[in-house]
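Chains as they are written, first to last, in this note's numbering: chain A, 1 to 289; chain B, 290 to 535; chain C, 536 to 824.
Written out as structure tokens, the structure is:
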């Protein structure tokens, strides 16, 4: 029992909080058809963190978070600029920008002493969920993620009406005097914040699963936006708990003396939840309804 | 006289659903040879969908026969001119490359465009007044010029039945006149023309037949007998006022 | 010292093996550039990213199967077969989900959850301690360091096959990308052409796994193609230039990474390609205003 409280509960809570933090902006990315922006942003968290460390020499969470946010902003601006200047498809512009920044991050990490910040390529790719245990004090990530998730929830409540309008009909929103550009940038920033927060727990690529899967599954099964957001939070927590449980306990039940990657399992479960939701929705939508 | 011409295109019971929306409901058409038919109807009436469904480009149900054959077998004799907005005009091709796409059935998978086929493409460009633009990038063309290139691609195919989707949408007056001249020349040469058309004021002077569509076919026949106030009210509702309608 | 090493590798003087690897990477780059041209013209750039990430569970499963059968598990054709199977499954999943949610969201969801499943399987392999898994994670970011002569030949042959298939099908592929409805009127089956294109892209992804790694192969497909697009106005011209740019980046990247042992190959190739893109964007779009 004690072992559960110190070793399993903190990472489970962190995973659940990270998933919820991502699901909140994920809902609006999905509705405004910018889901792949989440992909791009979660890739550029790594170069942001590495650059922040190299520039400041500080490994504090605040500095690295700022670096990641800056990188996300730069990536969003670059994607916009490349798309406008070359007239190419946004997906291709995104691919060019985020692969370049990610590659830059990897090269910086491998060629400089940035590995001193407990950062390495492997953690950037897999996440480091299992190490976030309660050692005398709660892991700092727990408090940080709690604050970020609550903050995102609060921000969402505050800008709810303009955000919904901008997502649903940006042209109409602009005619109503809503600064749609500002709202879009705010959504990008919220996504970046959630991605930075989740990065530590699940790694950059699995963050994408958190941004997209719960929101998409919820979208398929609900008909109103509040219901969709509530359902996405439910799916996020479910994926985190079930994924963590499967990764930690299934090998033990099978008598194997090791655990599987919790972050990988959480992403897998999130994908399976989405697949299940798609099946349920297509049965519901069958002719006759 | 027209009614005695053989029917080159016969569509029956065309029904098309997008999810829960019924886009076409038992629509039909019966097009005689060497005629020019305008498909008219309000926005959202399913005019473009009807053209595509007839060609088998939409998952519609119903039967279509062209030149006495199931439509899939008659496709080599049919040219389709989609809406200009349907393609990406930033695509890296030159004007002549687009026109040569109309000759794909002759050149085939691996073949190169031979000199006669190239000459045919150039002649098609000439017919729409675009001969000087052959090696221009399509992205550098005006809307009217783009529409002419699309028409030239259809001409290069050398078809007997031309289906055009809004060929006059967003084009300049000179282009509109040039296109209608080409279409009338095609009809006079024995080909059949069907076009989705928006401008009710020009139906009378451009076309000899009209098909009124609003998800289903409301009326079809010669402009003189079919393009009437009563029929238009059926399609557009009673509020429509139009002086050129008989 | 490393500069001299890079120079030697560029001049094919770094030994027989390094020369072979550089040539193999150049051929891969050429094939990727050409395939990427048609991929980006068809606006499916990010689909290849999902496909590449979806190879990971297949690689892991194939390794497990081969190790269970008594082998050492690192038999390249076997790994590629496994990779092809799950990449195909991932592609199917994207298309199935795209019927219900936006294609971007479907792409991101499949990318992340298949990748997550792959990470789980990699941890399973590590835990079981079967076969010789050391270095299996180089498929993430690529490494030409341990590449054998046979691998280089597979890459070269695969690249040549892809390039010749693209050359033969360039007209129908271009017609489907420009105007699929008209292509269908001309007797071309757009679905079949798309399937062939995806199969060719998959072939590039598979042979590219060892060179750029699965996370960054999308850049080798997309970046040279969009760079070449800035220099040519015909499909053939774009494809040929993209192949040249890809070949140059593959060659240079392999040589640099041969000279700097810690540097993974993929990021270096990507940074070279990005430099070419940035330069072209500045030169070409200013000239046109």
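Idealized CB from N, CA, C, for every residue including glycine.
Residue 365 of chain B by DSSP, collapsed to three states: which one?
The DSSP-derived three-state label of residue 365 of chain B is helix.
For residue 589 of chain C, three-class secondary structure by DSSP:
Coil.
Interface partners of residue 205 of chain A on chain C, CB under 9 Å
Here the neighbours are 588, 646, 647, 650, 651, 654, 750.
Would you say residue 141 of chain A faces chain C, with C-beta separation under 7 Å as the test?
Not closer than 7 Å to any Cβ of chain C, the Cβ of residue 141 of chain A fails to qualify, so no.
Sequence ranges, alpha helix (DSSP H) only - wholly within the stretch 96 to 170 of chain A, length at least 4
Those alpha helix (DSSP H) runs which fall completely within the stretch 96 to 170 of chain A and span 4+ residues are 121 to 126, 140 to 158, 160 to 168.
By DSSP, does residue 638 of chain C sit in helix, in strand, or in coil?
For residue 638 of chain C, the three-state secondary structure derived from DSSP is helix.
Three or more C-beta pairs below 8 Å linking the stretch 325 to 341 of chain B and the stretch 294 to 314 of chain B
Pairwise C-beta distances place the stretch 325 to 341 of chain B in contact with the stretch 294 to 314 of chain B, as three or more of them are shorter than 8 Å.
Bounding residues of the beta strand (DSSP E) (the contiguous stretch that carries residue 572 of chain C)
Per DSSP, residue 572 of chain C lies in no beta strand (DSSP E); the unbroken alpha helix (DSSP H) holding it starts and ends at 551 to 576.
Short-range partners of chain A found in the stretch 715 to 728 of chain C, where Cβ spacing is below 7 Å
The residues in question: there are none.
So with Cβ pairs under 7 Å, would you call residue 12 of chain A a contact of chain C?
Cβ-Cβ to chain C under 7 Å: no for residue 12 of chain A.
Can you list, in chain order, the residues of its chain whose CB lies under 6 Å from that of residue 237 of chain A, leaving out five sequence neighbours each side?
Result list for residue 237 of chain A: 16, in chain order.
Got a sec? Which residues, its chain only, sit under 6 Å from residue 56 of chain A by beta carbon, not counting five neighbours each side?
Here the set comprises 63.
So is residue 167 of chain A in contact with chain C if we call contact Cβ pairs under 7 Å?
No, because no Cβ of chain C sits closer than 7 Å to the Cβ of residue 167 of chain A.
Give me whichever residues DSSP pairs with residue 320 of chain B in a beta bridge.
Under DSSP, residue 320 of chain B takes part in a beta bridge, and its partners are B:298.
Given residue 763 of chain C as reference, the closest of C:752, C:778, C:753, C:650 once Cα atoms are compared:
Answer by Cα proximity: C:778.
Comparing C-alpha positions only, which one of C:662, C:665, C:741 sits nearest to residue 621 of chain C?
Residue C:741 holds the alpha-carbon nearest to the alpha-carbon of residue 621 of chain C among C:662, C:665, C:741.
At the 7 Å Cβ level, is residue 571 of chain C part of the contact set with chain B, yes or no?
Proximity of residue 571 of chain C to chain B, defined by a Cβ-Cβ separation below 7 Å, is not satisfied.
Who are the near neighbours of residue 276 of chain A in its chain, counting only those whose CB is closer than 6 Å to its CB and skipping five residues on each side?
Here residue 276 of chain A has no same chain residue with a Cβ atom under 6 Å from its own Cβ, once five neighbours each way along the sequence are excluded.
If you reduce the DSSP assignment to three classes, tell me which class residue 483 of chain B lands in.
Here residue 483 of chain B sits in strand by DSSP.
According to the Cβ coordinates, are residue 559 of chain C and residue 691 of chain C closer than 7 Å?
The answer is yes: Cβ separation under 7 Å.
Neighbourhood of residue 707 of chain C by C-beta distance below 8 Å, restricted to the same chain and skipping five residues each side:
Counting only Cβ-Cβ distances below 8 Å, and skipping sequence neighbours, we find 718, 723, 728.
Chain C contact for residue 267 of chain A (CB, 7 Å cutoff)
Yes - at least one Cβ of chain C is within 7 Å of the one on residue 267 of chain A.
Quick check: the Cα distance between residue 824 of chain C and residue 298 of chain B, rounded to an integer number of angstroms?
Any reading at residue 824 of chain C must be qualified, since the residue scores a pLDDT of 41, below 50, and its modelled position is unreliable; the value itself is stated next. Each residue's CA atom was taken as its position, placing residue 824 of chain C and residue 298 of chain B some 49 Å apart.
Compute the Euclidean distance between the alpha carbons of residue 430 of chain B and residue 389 of chain B, then round it to the nearest angstrom.
Taking the straight line joining both Cα atoms gives about 17 Å.
If you draw a straight line from the alpha carbon of residue 98 of chain A to that of residue 48 of chain A, how long is it in whole angstroms?
The C-alpha of residue 48 of chain A is placed about 12 Å away from the C-alpha of residue 98 of chain A.
According to DSSP, residues forming a beta bridge with residue 450 of chain B:
Answer is B:367, B:481.
What in chain B is Cβ-close to residue 767 of chain C, meaning under 7 Å?
Identification of chain B residues near residue 767 of chain C by a Cβ-Cβ cut-off of 7 Å yields 381, ordered along the chain.
Specify, as a first and last residue, the run of the alpha helix (DSSP H) that residue 183 of chain A falls within.
It spans 180 to 202 - the alpha helix (DSSP H) in which residue 183 of chain A sits, taken as one unbroken run.
Do residue 597 of chain C and residue 613 of chain C have their beta-carbon atoms positioned less than 7 Å apart in this structure?
For residue 613 of chain C and residue 597 of chain C, yes; Cβs fall inside 7 Å.
When burial is assigned at 16 or more other CB atoms within 10 Å of the CB, is residue 283 of chain A buried or exposed?
Note on residue 283 of chain A: under 16 other CB atoms within 10 angstroms of its CB, so exposed under the neighbour-count rule.
Would you mind telling me which residues of chain B sit closer than 8 Å to residue 710 of chain C, beta carbon to beta carbon, in chain order?
Within 8 Å Cβ-Cβ: 390, 393.
Start-to-end residues for the alpha helix (DSSP H) that takes in residue 27 of chain A:
Its alpha helix (DSSP H) spans residues 9 to 31.
Could you have a look at residue 534 of chain B and say whether DSSP puts it in helix, strand or coil?
With a pLDDT of 45 at residue 534 of chain B, under the threshold of 50, the predicted position of this residue should be treated as unreliable, though the coordinate-derived value follows. DSSP places residue 534 of chain B in coil when its eight states are reduced to three.
With DSSP as the reference, label residue 406 of chain B as helix, strand or coil.
Helix.
Sub-7 Å separation of residue 705 of chain C and residue 555 of chain C beta-carbons
Note that the C-beta distance between residue 705 of chain C and residue 555 of chain C is not below 7 Å.
How would you list, in chain order, the residues of chain C whose beta-carbon sits under 9 Å from the beta-carbon of residue 132 of chain A?
In chain order: nothing, as chain C lies at least about 17 Å away.
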